[in-house]
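Chains U and X, in that order, are what the protein sequence lines are. Each residue of the first sequence is one higher than the last, beginning at 230 in the numbering used here. Each residue of the second sequence is one higher than the last, beginning at 2 in the numbering used here. All C-beta atoms in this analysis are idealised placements derived from N, C-alpha and C, irrespective of residue type, glycine included.
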Amino acid sequence: MAKRDLSLKIGEFVSSLGTFKDVEIQVGRILEEWEEALGPTPFPEIATLREWDHKLLSRYKPFYMPFCDLCCLCTFGKCDLTGDKRGACGITMAGQQSRIVLLACCIGASAHTEHARKMLNHLIEEYGRDTPLDVALNTNVEAPHVRLVCGIRPRTLRDLDDALTYVEGQLVQLLASTHTGQEGSNIDYESKVFHAGMLDHVAMEIADIAQISVLGFPKGEPEAPLADLGFGAIDPSKPVILVIGHEVLPSIEIVDYLMEHGLFGDVEVGGLCCTAHDTTRYNKSARIIGPISWELRFIRSGIPDVIVIDKQCIRTDVLLEAEKIMAPLIATSEMSCQGLPDLTQEDPERIVEDLVGGRLPGALILDPKKVGEVAVKVAMKIAPKRANFKALLPEDVRALAQRCRRCGECVRACPNNLPIPDAMNEAKTGDLTLLSTLYDVCVGCGRCESACPEDLPIISMINASSSKRISEERFKVRVGRGAIQDVEIREVGRAIVFGEIPGVLALVGCANYPEGGADVSKIAEEFLKRRFIVVASGCAAMAIAMTKDEEGLSLYERYPGVFDAGGLVNVGSCVSNAHITGAAIKIANIFAKRPLRANYEEIADYIYNRVGAVGVAWGAMSQKAASIAAGCWRLGIPVIVGPHGSKYRRMLLGRKEREEDWMVYDARTGERVYVGPAPEHLFYAAETVEEAMVAIAKLTMRPNDTSKGRAVKLSHYIDLYQRYYGGLPEDLHLYVRSSADIPFTMRDQVVAALEKAGWVEGKIASPDPTLLERLVRRRQ
Amino acid sequence: MMSARLTTGQTAEIPGPRKAFLIPKPEVAASMINRARRVLLVVGSEAMRVKTKDGDMIDTAMRLARSGRITVAATGHLLGEFRRRGAKGAHGISLMELGDRLRDPDWGGLDGGGPYDLVVFMGLPYYMEWLVLSGLKNFAPSLRTISLDNTYHPNAGWSLGYSPQQDWIEILDRIVSNVEEVG
């Protein structure tokens, strides 16, 4: 049942008690019927889906790699939990690790939920609670996560409020469970991790469909426009406003102010991270400067005249960095006040005067509209004053490099152990070649500078050594299109479920890459050529844009934006990730006609056994990335992270050699049958990009694949394995169910390998697979 | 060897209450390898970048494997490189999968010969090795682990310290030579 408030809004009300203005009264609730019957799990509590979680966790057992052997969360501690020791509260090392994973996922999900709350409240205030949702063209299932989890069908912004209130309440409960003396089972903590992930996807969906509906973002258009990305996309001769973060409202007000005052061509608006994506979704003429890892390098370039931050993944020393280049900082969210005075109620002209005159290094302004006016005026007034500001020049690098002692502390501080002392050694002679090569692989964290006993500005030196190349970098990225249309799901659902489209690859997450963002682009191109559907979001979607072919075209210019084989789909920002999992949900609902409403287990079971989707977060860094992944796990979608992702300290790994782990029900007969280890893992960190590519191909296999589909998937797995490992995969016999599964062009060598492994035809079944006994239609 | 230091590969990797013994001289590491019943040598994707007396770390691993008593596990996609160099006995497995299996006392090993009692690590990304060793320290208490990288790995059972590069190359060579002599 969808729930609706009956609300009464009164402009002015005079009574014996006094005069009231803008009174809003809510009276009871009107219950609205919806043609789809309510499923078994509306608004699930923490334990509602526990049984489903435990089924998955019995296959994919956690492998913990503690970052710290201690617990220091209460005053009994520190407690040494090494090995089989227990803490003062009785917790084990496994319990503590799963607790930390839950904390990370609660942080991530809370960040998205707060984002959604702010967005929803703002839009309701500005546009009204009854503003209809209009998410995507040719689409009836406007909110697959909200429908699936909550069992409501949202039609207006008001309806989203019910769902978001539920998410907020559940997150509080999850966080409460991490208090000392609560959960004692690591597996139950892991189930709560899955719950946090599921909530996160509901929150992300709410945030994105609200902004799509109201702010005029693309509505699922495959051919959404192309936007410019890169340092070179910014004209530094104009005043430049840099926006950083994830909530687009202040940036939109900046764009609106420029448009309303006929200034749009006179001022550059460029963004870092997801705010940049969403600003281009609002106006394609805004620029994306790059992923979050470019924050230091772009600020240090001296190009920004004013910096506007909103929330999430902002450097917490951004004020210091802004001061170094004499650019005022405007903070716009309670999430990140940066110690600045709250000038929300001040006259904009006075704020502008104080910022331009240097009396204040920055201001906290919590009214987006005021931010728009102040940011533009400050940029235009301060730009001429900053015209003479010079960033570090290549000719300055040699002198600075002389101070390097080769102590190696920078290497030990660097997440990727980059050879900074060697580069400095060359720079001492005036040769900046090696320093320049670091530009491509540096993640821009700045830890090297913190560690340097000589306080060398290493990031600035790397920038300076590459300055000419950087200034010419300009790429095309497709603007985030948002949701996948229902009509697209109808077109490709069958091919995905039967395995004829070899897989859906989602390239998502942050920019903490082991060897630069080019690896993400390399993965994307490999699987586009193989006719996978490649979906992207966030910083990964930017990295994909940042390589060009011989003709100077990015992958977005070479591949269509359609959700179909060989399509490259940029859904948008972090919160747009909900559309990726939403597409998997819609396949189960629209193509397979499985009931969606509050029917989580059945839909997840369908996706797990049938939809060959794999998520890859090659540069995963944040707690948000952790909760996004957790939402995939509960839906049965495996996730691969890059080597730094091992620092999430827990993997969910299957054991392919244990036949007893890979049994399912045949829904036709109720028989328990062996289907092989597909997919083998639920969460897994790859050491190299080559390893990841082989794993992607392998993890797309599902028990429901037709023989034709399995042959296609095996051909990609074998081909990639041969390329990077040589020979045939040693586990081939676990994935070939019958001779019809063998790729035709590889038949002889595969048959020989199967014979050697003692393979028996038919041992691996091809049932109508399900993990849920209640879905068995007929008992034998 | 006297100059080896308890310097971790990254500044923030602070050892916990139980930390690796520093291998005082090459003969100690060699002796542990020689006395072990089943030895697994884990070689990671950085191995090609690490120069040794034999060429690089893959060549050194192949030399160790020729002693006949050591099974080689190549992680990442390094198996391809072993195969290109004609090392037929190396096994390919991802580091995460390997760590997961090593904590299982009933695991039959890469060759089905039963569980290992000593695992030697080298050539992995520092933080990945650090984490897997942490997993083994906490969840595979009876498994002995050694790190032969040129850095201190606090989560190993025994670890080399940090030495000047040429010293470390000598140390590694002495360990391998000693194993060869006994093997």
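Quiz item: At least one CB of chain U closer than 9 Å to the CB of ARG70/X: is that the case?
Solution: It does not; no Cβ of chain U falls within 9 Å.
Quiz item: Just how far apart, CA to CA, sit TYR117/X and GLU171/X?
Solution: Between the C-alpha atoms of TYR117/X and GLU171/X there is a straight-line separation of about 27 Å.
Quiz item: chain U beta carbons: is any one of them nearer than 9 Å to that of LEU7/X?
Solution: Closer than 9 Å to the CB of LEU7/X there is not a single CB belonging to chain U.
Quiz prompt | Bridge-paired residues (DSSP) for LYS207/U | solution = Here chain U comprises residues numbered 230 to 1009, so residue 207/U is not present and cannot be evaluated.
Quiz item: So which residues of chain U does ARG84/X contact, with C-beta pairs closer than 8 Å?
Solution: Neighbours of ARG84/X across chain U, judged by C-beta separation under 8 Å: TYR954, GLY955, GLY956.
Self-check item: The beta strand (DSSP E) enclosing TYR837/U, as first and last residue numbers
Solution: In the DSSP annotation of this structure, TYR837/U is not part of any beta strand (DSSP E); the continuous alpha helix (DSSP H) holding it starts and ends at 829-839.
Quiz item: Just curious, the alpha helix (DSSP H) that TYR964/U is in, first and last residue?
Solution: First-last for TYR964/U: undefined, no H or E at that position.
Self-check item: Minimum Cβ-Cβ distance from VAL626/U to chain X less than 9 Å
Solution: No - not a single Cβ of chain X is within 9 Å of the one on VAL626/U.
Quiz item: Does the Cβ of GLY796/U lie closer than 8 Å to at least one heavy atom of the ligand FMN?
Solution: Absence of the ligand FMN is noted for the structure shown, with no ligands found whatsoever.
Quiz prompt | PRO520/U versus GLU888/U: straight-line alpha-carbon distance, rounded | solution = In this structure, the straight-line span from the alpha carbon of PRO520/U to that of GLU888/U is close to 43 Å.
Self-check item: Residue from THR385/U, SER689/U, ALA680/U with nearest C-alpha to GLU624/U
Solution: Of the residues THR385/U, SER689/U, ALA680/U, the one whose Cα lies closest to the Cα of GLU624/U is SER689/U.
Quiz prompt | For TYR829/U and TYR293/U, the rounded distance between their alpha carbons | solution = The straight-line gap from Cα to Cα measures roughly 28 Å.
Exercise. Tell me, please, whether the CB atom of LYS138/X is closer than 9 Å to any CB atom in chain U?
Key: For LYS138/X, the answer is yes, since a Cβ of chain U falls inside 9 Å of its Cβ.
Quiz item: Would you report the Cα separation of ASP60/X and ILE71/X, rounded to the nearest angstrom?
Solution: Cα-Cα distance, rounded: 14 Å.
Quiz item: Does DSSP classify ASP359/U as helix, strand or coil?
Solution: Collapsing the DSSP output to three states places ASP359/U in coil.
Quiz item: Any Cβ of chain X within less than 9 Å of the Cβ of SER875/U?
Solution: Yes, SER875/U lies at the interface with chain X (some Cβ there is under 9 Å from its Cβ).
Quiz prompt | Cα-Cα separation between ARG258/U and LYS815/U, rounded to whole angstroms | solution = At ARG258/U, the pLDDT of 49 sits below 50, so the modelled position is not reliable; the number obtained from the coordinates is stated separately. When rounded, the distance between both Cα atoms is 29 Å.
Exercise. Decide if THR1010/U is buried, meaning its Cβ has at least 16 other Cβ atoms within 10 Å, or exposed.
Key: With chain U covering 230 to 1009 only, the question about residue 1010/U has no answer from this structure.
Exercise. Pull up the distance between the alpha-carbon of LEU882/U and that of MET97/X, whole angstroms please.
Key: For LEU882/U and MET97/X, the distance between alpha carbons rounds to 8 Å.
Quiz item: So the alpha helix (DSSP H) VAL177/X belongs to, where does it begin and stop?
Solution: Residue range 166-183 is occupied by the alpha helix (DSSP H) that includes VAL177/X.
Quiz item: Taking LYS52/X as the reference, which of ALA157/X, PRO126/X, GLN166/X, ARG67/X has the closest Cα?
Solution: Just measuring C-alpha positions, the residue of ALA157/X, PRO126/X, GLN166/X, ARG67/X sitting nearest LYS52/X is GLN166/X.
Quiz item: Does DSSP classify LEU260/U as helix, strand or coil?
Solution: The predicted model places LEU260/U with a pLDDT of 49, which falls under 50 and marks its position as unreliable; any figure quoted below should be read in that light. Three-state DSSP puts LEU260/U in a strand.
Quiz item: Just to confirm, are GLU371/U and ILE438/U a CB contact at a threshold of 9 Å?
Solution: Going by C-beta atoms, GLU371/U is nearer than 9 Å to ILE438/U.
Quiz item: Curious, which full-length alpha helix (DSSP H) runs of at least 4 residues does the stretch 726-781 of chain U contain?
Solution: The stretch 726-781 of chain U contains these whole alpha helix (DSSP H) runs: 747-758, 767-774.
Practice problem: Output yes if chain U places a C-beta closer than 9 Å to the C-beta of GLY115/X; else output no. | Solution: By the rule that beta-carbons nearer than 9 Å mark a contact, GLY115/X does not touch chain U.
Exercise. Report all residues from its chain with a CB closer than 8 Å to the CB of THR573/U; omit the five preceding and five following residues, and keep chain order.
Key: Contacts found: LEU593, ILE594, LEU595, ASP596, LYS599.
Quiz item: Cβ of PHE292/U less than 9 Å from any chain X Cβ?
Solution: At least one chain X Cβ lies under 9 Å of PHE292/U.
Quiz item: In angstroms, rounded to a whole number, what distance separates the CA positions of ASP507/U and ALA456/U?
Solution: Cα-Cα distance, rounded: 11 Å.
Quiz item: Can you find a CB in chain X that lies within less than 9 Å of the CB of ARG376/U?
Solution: No, ARG376/U does not count as interfacial toward chain X.
Quiz item: DSSP state of CYS542/U, grouped into three classes?
Solution: Correct three-state label for CYS542/U: coil.
Quiz item: Hey, ILE416/U and SER856/U: beta-carbon distance below 9 Å or not?
Solution: No, they are not a contact pair.
Exercise. Could you tell me which residues DSSP pairs with ARG145/X in its beta bridges?
Key: For ARG145/X, which the question treats as bridged, DSSP gives the partners LEU119/X.
Self-check item: Proximity of THR187/U and GLU476/U at Cβ, strictly below 9 Å
Solution: Since the first and last residues shown for chain U are 230 and 1009, residue 187/U lies out of range.
Quiz item: Quick one: Cα of MET123/X to Cα of GLY45/X, how far?
Solution: Straight-line Cα distance between these residues: approximately 6 Å.
Quiz item: How should ASN1019/U be labelled, buried or exposed, when 16 other C-beta atoms within 10 angstroms of its C-beta is the threshold for buried?
Solution: Given a span of 230 to 1009 for chain U in the structure shown, any question on residue 1019/U remains unanswerable.
Quiz item: For chain X, is any of its Cβ atoms less than 9 Å away from the one on MET322/U?
Solution: True, the Cβ-Cβ gap to chain X drops below 9 Å.
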